[in-house]
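These notes concern the structure reproduced below.
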Amino acid sequence: MGRKSTAKQRLEQAASTSFSVKSYATVSVDELCKGAGVHKGTFYHFFPSKDALFARHSELSLNALEEVLEHCNSSYSGREAILRLCEQMLSTYSLHIPSNDATVREFTGCIPVNIGLEL
């Protein structure tokens, strides 16, 4: 049996990084493929469009947020739960930012807010 491909996960990670740093409209399929180290055919094998990849990214983000909210609701109350939620979200977003690029770190925003502003 052959080795299992990680291409889909790499595309999802590249999408998360690109959509965190740039606007949705400026991220191209070519850029996503380059970031994931895959060919365009591989991209379209897993996702019919950039919209589909973004929808998957949004789904994964919401699932992660729900997990954090469940943990905060069960472990903390009030102000402390909100602070823990903010800390978790900040640490999640900072995972997608190259540590050696201070310029990018300063301008990375919240993906849902970025999309809302684009619309």
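Its first residue numbered 1420, the sequence shown is counted upward by one per residue in the working numbering.
Quick reminder that beta carbons are idealized off the backbone N, C-alpha and C, glycines included.
Can you tell me whether DSSP reads residue i as helix, strand or coil?
i	result
P1425	In the sequence as presented, Pro is not what sits at residue 1425; that position holds Thr. DSSP places T1425 in coil when its eight states are reduced to three.
V1440	helix
F1462	helix
V1448	helix
A1474	helix
S1468	coil
With a CB to CB cut of under 7 Å and the five nearest residues on each side skipped, what residues in its chain are close to residue i?
i	result
G1456	R1429
A1433	L1451, G1454, A1455
S1437	V1446, E1450, L1451, G1454
H1476	E1431, A1434, S1435, F1438
H1515	Confidence at H1515 is low in this model, with a pLDDT of 49, below 50, so the placement of that residue should be treated as unreliable; the coordinate-derived value is given next. Same-chain partners within the cutoff: S1435, T1436, S1439.
Apart from the five residues just before and just after residue i, which ones in its own chain have a Cβ nearer than 6 Å to its Cβ?
i	result
A1426	V1457, T1461
L1472	A1434, F1466
S1480	none
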